[in-house]
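Let me begin by presenting the structure, written as structure tokens, before commenting on it.
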Amino acid sequence: MTVRSALEVATSTDAGVIRSFNEDTIATELDLGLAVVADGMGGYKAGDVASGMAASIMVEELKQRLLASPPDSPTKILHDAAEKANQAIFQAAQANPQYHGMGTTLVAALLHDNRLYFTHVGDSRLYRLRHGKLTALTHDHSILHEQVAQGLISADDAKTSHNRNLVTRALGVEAQVECETQEQAVEAGDLYLLCSDGLNDMVDDADIELALTALQANLPLTARQLVMMANDNGGHDNISVILVKILKPFPAVEPRKGLMDRLFGWLK
Amino acid sequence: MAKLVLSLDGDVLGYHFLEQGRFAIGRKPHNDMQIDDSSVSKEHAAILTVGNDQILEDLGSTNGTLVNGRTIKKHILQNNDVIEIGRYQLRYVNQKAQTGMDFDRTMMMPMLNLRHGKGHGDTETQAAEQVDTAVSVAQAANANFPLGGVKGLEGTHVSQTLELSRPLATFGKSGVQVAVINRRPHGYTITHVEGKKRPLVNRHPIDEESYALQEGDEIEVGGEKLAFFLKK
């Protein structure tokens, strides 16, 4: 039994109303419990190359590293994979003039042993809906976020800012990248949303929360509705969403303990 | 590049370009823009450029700083804003600084030292809440189409009238049969969410695709009967 049976997943990605190309890449690998959103940037179609590399390297690295014995901690694996993706994109950008300056954001979530491990770079986000309340688990690596964090502008003023599209970190832009990796416990019933900024720049958190809460009985519809709402509000950017619903606990190893262990094991 | 056009009583006196960094306005000569007039404080206001934003801040001036007639402490300048400093007016001109005009592709910008001139570490970056960045104009997208609602004929909402002002609202019974009504730029649609049977509109099950609601349509879903209406 893998983590797959504990998850329900739905995805949607769309170029939006204004852009003719979709430079976002989404990837899921349910046997690993992995979901990835990358939002590419840079010259003619190079953003697509960068986000595609990021997603495929994350999937391949995690496949190999999680199956190694003994495996490293999921946090380390995620972190290493993001750094590997950074180097690969950076080198490709250096080696090919047409890729010069390309880069990508990244948000990757790994569900493993009843825990959520996640890493992000840039302004793609991970949200959690728990008991009807939406919480952002990532903070954007963006000028806008820094402006608010440092008190230059208020959170309300952020809506009139022109810095929505300026990220302070991205994969593939420099030889080194600082990704932010975190972990937390998962509860059955949690609903996780990974998205590119084309969603949250167009749709208020309150409306995202409403859609997730009201529609989650039909997860594919929920994903389509999020994209539709972003497009109805202008669809200025590419929009990508991955929804991951936790149906039940997913311990890494099947519990085969005796009754006494099961009763008292947690006391240790 | 952003420009400030200075005028007094409708006469243009000159203009200044805003460059990166901090641009100070005041009565004293050390300001980047000196306005030698008693209605202007010595250090009256400053404009800080951060990325694409130009943030106007009043520096505790005697007569205050106004933008478009309203007193401000801090304000992110928008194209064609009119700033009032004492008796003078400054029009802010920047085609790039328009609400909803941020179609520029995502770009990388290295972290700046945003804490100006205070070379110390005691203003730790606060663990700010995630910023809700949704474009404010986006919400107006629905404004062109009349507001709609439903009147409960049978079931949970019987004899209630509900306005449908949010982008979506669900009706029916969870786990049994649920439909969602979407408020979209060109009108309202209804879509099947869950349940083996599709909801009925005017006694016919709706398609897999969403159905565009018309004035007077009768909806049946999960034990509810609702009449759809548009406000005139």
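Read top to bottom, the protein sequences are chains A and B.
Everything in the first sequence is counted per this note's numbering, starting at 510 for the first residue and increasing by one.
Everything in the second sequence is counted per this note's numbering, starting at -6 for the first residue and increasing by one.
From the three backbone atoms N, C-alpha and C, an ideal C-beta is built for every residue, glycine too.
Restricting attention to A:V657, A:D710, A:E538, A:E692, the CA atom closest to the CA of T99 of chain B is found in A:D710. Two segments are said to touch when three or more pairs of C-beta atoms, one from each, lie closer than 8 Å; by this definition the segment 527 to 546 of chain A touches the segment 560 to 567 of chain A. Interface residue (Cβ-Cβ distance to chain B less than 8 Å): H671 of chain A is classified as such. CA-to-CA, the gap between G14 of chain B and R191 of chain B works out to about 60 Å. Taking a contact to require three or more Cβ pairs closer than 8 Å, the segment 140 to 150 of chain B and the segment 675 to 688 of chain A do not qualify as touching.
As far as DSSP is concerned, C688 of chain A takes part in no beta bridge. Annotation: H185 of chain B is outside any alpha helix (DSSP H); the continuous beta strand (DSSP E) that includes it extends over 180 to 187. Going by DSSP, D4 of chain B is part of the beta strand (DSSP E) stretching over 4 to 10.
The beta carbon of H179 of chain B sits closer than 8 Å to those of F138, all from its chain and outside the five residues before and after it, given in chain order. Annotation: I598 of chain A to M611 of chain A spans about 8 Å, alpha carbon to alpha carbon. Scanning its chain for C-beta atoms nearer than 6 Å, with the 5 sequence neighbours on each side dropped, one finds around S670 of chain A the residues L653, in chain order. Taking the Cα positions, F222 of chain B is about 8 Å away from D210 of chain B. Across the structure, E156 of chain B and D746 of chain A are spaced so that their CA atoms are roughly 30 Å apart.
For G552 of chain A, same chain residues with a beta-carbon under 8 Å away, outside a window of 5 residues either side, are Q607, Y608, H609, G610, M611 in chain order. According to the DSSP assignment, F627 of chain A belongs to the beta strand (DSSP E) that extends over 624 to 630. Looking at the DSSP output, E147 of chain B shares a beta bridge with B:K218.
Taking the Cα positions, K89 of chain B is about 7 Å away from N72 of chain B.
Contact fails between the segment 20 to 39 of chain B and the segment 623 to 641 of chain A, because fewer than three Cβ pairs, one in each stretch, are under 8 Å apart. A straight-line Cα-Cα distance of about 41 Å links Q207 of chain B and G549 of chain A.
For the segment 725 to 739 of chain A, the set of positions with a beta-carbon nearer than 8 Å to some beta-carbon of chain B reads A726, N727, L730, Q734, M737, M738 in chain order. By the Cβ criterion, the segment 726 to 742 of chain A is not in contact with the segment 684 to 698 of chain A, since fewer than three pairs of Cβ atoms, one from each stretch, lie closer than 8 Å. When Cβ-Cβ separations below 8 Å define contact, N56 of chain B makes no contact with chain A. For the segment 637 to 654 of chain A, residues whose beta-carbon sits nearer than 9 Å to a beta-carbon of chain B comprise T644, A645, L646, T647, H648, D649, H650, S651, I652, L653, H654.
Straight-line spacing of the CA atoms in E718 of chain A and F164 of chain B works out to 17 Å. For the options A:Q596, A:A618, A:S529, A:D632, the alpha carbon positioned closest to that of E538 of chain A is the one of A:A618. Listed by position along chain B, the residues whose Cβ is nearer than 9 Å to that of L719 of chain A are R159, P160, L161, A162.
Taking the beta carbon of P139 of chain B as reference, no residue of chain A falls within 9 Å; the closest one sits roughly 16 Å away. In the DSSP assignment, G79 of chain B falls outside any alpha helix (DSSP H), carrying neither H nor E. For the pair H185 of chain B and T644 of chain A, the Cα-to-Cα distance works out to about 27 Å. A residue is called buried once 16 or more other Cβ atoms fall within 10 Å of its Cβ, and G216 of chain B, having fewer, is exposed. Beta-bridge annotation (DSSP): I48 of chain B is paired with B:L41, B:I69.
Counting of Cβ neighbours within 10 angstroms places S529 of chain A among the exposed residues, the total staying below 16. Burial check for V169 of chain B: the Cβ neighbour count within 10 Å stays below 16, so the residue is exposed. Those residues of the segment 690 to 701 of chain A placed with their C-beta closer than 9 Å to a C-beta in chain B do not exist.
Under the rule that a run must span 3 or more residues, the beta strand (DSSP E) segments found entirely inside the segment 532 to 574 of chain A read 533 to 538, 543 to 550. Rounded to whole angstroms, the gap between the alpha carbons of P160 of chain B and E77 of chain B is 39 Å.
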